[in-house]
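Here is the structure we will look at.
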RNA sequence: GCGCCUGUAGCUCAGCUAGGACAGAGCAUCGGAUUUCUAAUCCGACGGCCGGGGGUUCGAAUCCCUCCAGGCGCGCCA
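In this note's numbering, the protein residues as written are 5 to 597.
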């Protein structure tokens, strides 16, 4: 299956091949505005290789090209460029033919058929509040899931909950000291947060040297609690289960609001009985070894025994100076141990061609270690860190410990109520308004993130994240409702039929066709770079050009019936592309706003 | 100290993977458009030594070096 733009590029390639000129498809690009051209081929590289003047080469190529049987009306030499212009009716015919074959699947492809990708995303920590910090992983992961599925891949979206580790030792310890059953049931998240924050405050206050009563520092007691948990101590286990259940309920409410779903939700704890095997096999293969811990790394802790060892994977030969530690000196596991077990499980279970980790950029170094360790352990499935810049607050970085945190649910609710303020004066039922506000508010939040590249860090700003005009989700959603309004008023319940012949295209119509033609490419580009904003940017330009079209070109009152039905079909295509494209970004549309 | 990322208009960002045609948007500001397919819209104006310097090239926002600024990371946290 191919799409119009790819076929057009193919035609250019074969035109040039017939003149013995070799060109890569990527050298064919959209013409810059103001050149009366649609596709452009810069000839500078070829000219250098042939030692010719680019402008002369362009002219000589043009003089020998026959556009017979192609989608192009003209080709001109302009400087060192070949500038191709579509025959508008040919472009129309090709785009309409692509679209009408399967409107609801427009932009789909089969490149991923028979291939599997695991995407690890969202992955919040149990017993901590779901903050704006988890937003990016959640919505970028969701978008990538949609995008790869659309390209025919089998995608396993896995929410790798942080439900295991030393932090639970801390929480169990804090709960033993200061917890309250009643408070926990009344307000689980904030009580757990309180305990977590208090633990760190008191541990800091103890300092590195002064020991608490009973001879053990808080940190040491927390480690002891985690050790008990990891060894299956019933009291630790049942308390932990309670924390997990309470947090899960909270998270699910957020996922419901965001419209995010997972194929599997397997927390770190799921792998707890595989950790020993991971460590053992790494030792047996000679990849890992036991070592005395570095004294400096142990800090000033009190209970160091002379015989204690850690298990680690040295990575010097991989060019990484810091080894990956698999087992702490008290015998318990680390994040990396659980990650290795997780990756092995995923490989055994789903046989993916790659595993994507949608995780913040601050973990980049760790992922280099992890990826190198996977290779040493004999796994050739690429583990790709799809990293993104972290969200900071104007006061500094988000810190759960210091209680400096903005709850995602608050952001969502604020977004919805800001959207609701705009719908108030419309003639809609209360339910419709609520539904629209939800779609618009959530859409605004998601779009703010998905319309820019992942890697940049974001300083949280209410107005920016919840913007409702300009380059924003509501702008695109609004353009969609305009397409729906026109079609609703067209007087038929049938979707418009594809036109057999297109009348003269106006200068407002042609750009729409070009964007529609370019939409499938934007999906491929988004997948290749793991950058959903490739799609967002294309949709935004489509919506811009549609808004202008809407303002200037009458559809229902078009001059002739043929023109009217052709434009109706164009409107149908624009609306569908907006809906499908926003859908890939995880953003819903409304019929009215 | 070492490593990675970022620096484009007053603000927020595209463009950098594979160097090419006068660097594009949105917000803000100012001016205009509505008895019309809903103005969450459209049109126009204003606004940029693409962080500084050097290099490669016919050509650099894009590639290389260097400096500056900000962010992040660097063995038993996740």
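Where a beta carbon is used, it is the ideal one built from N, C-alpha and C, also for glycine.
- Task: Please report the residue range of the alpha helix (DSSP H) in which residue 340 lies.
- Result: 339-354
- Message: Please tell me whether residue 155 and residue 113 are closer than 7 Å, where the distance is taken between their beta carbons.
- Response: yes
- Message: Which of the three DSSP states is assigned to residue 120 in this structure?
- Response: strand
- Query: Can you tell which of 157, 527, 200 and 453 has its C-alpha closest to the C-alpha of residue 171?
  - Reply: 200
- Could you tell me the boundaries of the alpha helix (DSSP H) in which residue 78 lies? Residue 78 -> not in any alpha helix (DSSP H); beta strand (DSSP E) instead, spanning 76-82.
- Task: Kindly indicate the opening and closing residues of the alpha helix (DSSP H) around residue 53.
- Result: 48-53
- Thinking C-alpha only, which one of 481, 193, 376 and 194 is nearest residue 323? 376
- Residues near residue 158 by beta carbon distance below 6 Å, same chain, minus five either side: 120
- Item | Beta-carbon separation (whole angstroms), residue 356 vs residue 122, contact threshold 8 Å | Residue 356 to residue 122, Cβ: 5 Å. Contact.
- Task: Return the first residue and the last residue of the beta strand (DSSP E) that residue 87 is part of.
- Result: 85-90
- Message: Going by beta-carbon coordinates alone, are residue 581 and residue 520 separated by less than 7 Å?
- Response: yes
- Relative to the alpha-carbon of residue 50, which residue among 202, 116, 62 and 294 has its alpha-carbon at the smallest distance? 62
- Residue burial classification, residue 265 (beta-carbon count within 10 angstroms, cutoff 16): Residue 265 is exposed by the Cβ-count criterion.
- Helix, strand or coil: which one does DSSP assign to residue 598? Here the chain has residues from 5 to 597 only, and residue 598 is not among them.
- Task: Might you give, ordered along the chain, the residues of its own chain that have their beta carbon closer than 6 Å to the beta carbon of residue 312, omitting 5 neighbours on each side?
- Result: 333
- Would you report the Cα separation of residue 185 and residue 447, rounded to the nearest angstrom? 38 Å
- Message: Distance check for residue 46 and residue 518, CA to CA, integer angstroms please.
- Response: 20 Å
- Item | Distance between residue 247 and residue 374 (C-alpha atoms, nearest Å) | Their backbone Cα atoms lie some 29 Å apart in a straight line.
- Item | Where the alpha helix (DSSP H) through residue 149 begins and ends | In the DSSP assignment, residue 149 falls within the unbroken alpha helix (DSSP H) covering 139-154.
- Query: Would DSSP call residue 204 helix, strand or coil?
  - Reply: helix
- Message: Residues in the same chain with beta-carbon distance under 7 Å from residue 539, minus the five sequence neighbours each way, listed in chain order, please.
- Response: Taken in chain order, the residues that qualify are 526, 527, 530, 585, 588 and 589.
- One or two residues paired with residue 611 in a DSSP bridge: Because the chain spans 5 through 597 in this model, residue 611 falls outside it and cannot be assessed.
- Message: So, for residue 510: in the same chain, excluding its five sequence neighbours on each side, which residues have a beta-carbon less than 7 Å away from its beta-carbon?
- Response: 557
- residue 453 and residue 160 look like a contact to me (Cβ under 8 Å); what is the Cβ gap, rounded to whole Å? In this structure residue 453 is not in contact with residue 160, their Cβ atoms being roughly 23 Å apart against a cut-off of 8 Å.
- For residue 550 and residue 516, believed in contact at Cβ under 8 Å, the rounded distance: 6 Å
- Candidates 460, 411, 17 and 253: closest to residue 65 by CA position: For the residues 460, 411, 17 and 253, the minimum Cα distance to residue 65 belongs to 17.
- Task: Ignore the nearest five residues each way along the sequence and tell me which others in residue 177's own chain have a CB closer than 6 Å to its CB.
- Result: 225, 226 and 229
- Message: With a threshold of 6 Å (Cβ to nearest heavy atom), would residue 414 be considered close to the ligand COA?
- Response: The ligand COA is not part of this structure, which contains no ligands at all.
- Among 29, 577 and 23, nearest to residue 13 - alpha-carbon criterion: 29
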